[in-house]
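Start counting the sequence shown at 101; every next residue gets the next number (the working numbering). Just so you know, even glycine gets a beta-carbon here, dropped at the ideal spot from N, CA and C. The structure presented is a predicted model; accordingly, all values stated were derived computationally and were not measured.
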Amino acid sequence: MSSNFVDAANIDIQVSSDEGKFLPNIGVVLEPLDKSNIPTNAQPQIMDQIDTQFVPHFLIAQKSALVSFPNSDSIKHNVYSFSEAKTFELKLYRDRKPAPLPFEKQGEVILGCNIHDWMLGYIYVVDTPWFGKTDKSGLLNKTLPEGEYKLTLLNPQLQREDLDKSIKISVRGHTKIQVKLMKPLLPKLDEYEDGDEFDEY
Numbered sequence: 101m102s103s104n105f106v107d108a109a110n111i112d113i114q115v116s117s118d119e120g121k122f123l124p125n126i127g128v129v130l131e132p133l134d135k136s137n138i139p140t141n142a143q144p145q146i147m148d149q150i151d152t153q154f155v156p157h158f159l160i161a162q163k164s165a166l167v168s169f170p171n172s173d174s175i176k177h178n179v180y181s182f183s184e185a186k187t188f189e190l191k192l193y194r195d196r197k198p199a200p201l202p203f204e205k206q207g208e209v210i211l212g213c214n215i216h217d218w219m220l221g222y223i224y225v226v227d228t229p230w231f232g233k234t235d236k237s238g239l240l241n242k243t244l245p246e247g248e249y250k251l252t253l254l255n256p257q258l259q260r261e262d263l264d265k266s267i268k269i270s271v272r273g274h275t276k277i278q279v280k281l282m283k284p285l286l287p288k289l290d291e292y293e294d295g296d297e298f299d300e301y
């Protein structure tokens, strides 16, 4: 039996709002304090474009992961980012599939489209393979090695106090963690109405 299996632990993280309501679709990142044994085979990720929106609205990727940008729309998109963690531009495309891009620097990458300026997406690049999003009951379950971790939350609607907050936790056996936001979520951006003037693109 491998030592990785023996040392495996299970953790339940449940995230609630400042008012105590369980929150779905909150990114949870578990970064080990000891980084000597972090797996480096980052899993590829996909940021699609559907109905002139980035899908998913935000994506979490391990550092050095390849991210694909397919276009499932019947119109052209021109995806770009000026973020410090990743600057790039995928020229106007519809039928072709651009080569996946490596995301090698930790941080937030904000995505836009030069044609449809209401399109906004986020890629959070993290230095760990242990992350995920909460389900409808605000819960995320992960299996990972026992040890000490830093827990952080990610979502474009989180206010700075909650984005900057980190919790040091010890994971042993079956661990349960409750995380409550300090501030209310920011309002969602309204989706752009159908039939806009750029449909021909």
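Could you check the C-alpha separation between residue i and residue j for me, to the nearest Å?
i    : j    : result
E184 : V209 : 7 Å
P256 : Y193 : 26 Å
I146 : T275 : 30 Å
G273 : N110 : 6 Å
L281 : L240 : 16 Å
P198 : E119 : 43 Å
Y180 : L286 : 24 Å
G207 : V226 : 7 Å
S172 : T243 : 33 Å
Q114 : G247 : 19 Å
A108 : P245 : 4 Å
D195 : T140 : 32 Å
D151 : P132 : 38 Å
G221 : L211 : 5 Å
N178 : Q149 : 11 Å
N214 : E189 : 9 Å
A165 : E261 : 28 Å
W230 : L130 : 5 Å
K205 : T228 : 12 Å
V167 : L254 : 18 Å
K268 : L251 : 6 Å
S136 : K176 : 43 Å
W271 : H157 : The amino acid at residue 271 is misidentified as Trp; the sequence shows Val. V271 and H157: Cα-Cα distance of roughly 30 Å.
M219 : Q153 : 5 Å
D134 : L263 : 22 Å
F122 : I160 : 21 Å
Could you give the first and the last residue of the continuous alpha helix (DSSP H) run that contains residue i?
i    : result
D262 : 260-263
How is the beta strand (DSSP E) around residue i delimited, first residue to last?
i    : result
Q153 : 153-155
E246 : Note, E246: premise wrong, no beta strand (DSSP E); not H, not E.
K163 : Premise fails: K163 is in no beta strand (DSSP E) and is neither H nor E.
P198 : Unbroken run through P198: none, as it is neither H nor E.
S270 : 267-271
Under the DSSP definition of a beta bridge, which residues are partnered with residue i?
i    : result
G221 : L211
S116 : F122, K280
G232 : V128
N241 : D112
D227 : BP columns for D227 are empty, so no partner.
K186 : S183
L285 : Answer is none; L285 lacks a bridge partner.
H177 : Y193
T252 : V129
I150 : Q153
Q257 : Bridge partners of Q257: none, in fact.
Q145 : V167
Got a sec: does the ligand GTP put a non-hydrogen atom nearer than 7 Å to the Cβ of residue i?
i    : result
A185 : In terms of ligand content, the structure shown is empty, and the ligand GTP therefore cannot be addressed.
Assess contact between the segment 118-130 and the segment 218-237, defined as three or more Cβ pairs (one per stretch) separated by less than 8 Å. Is contact present?
yes
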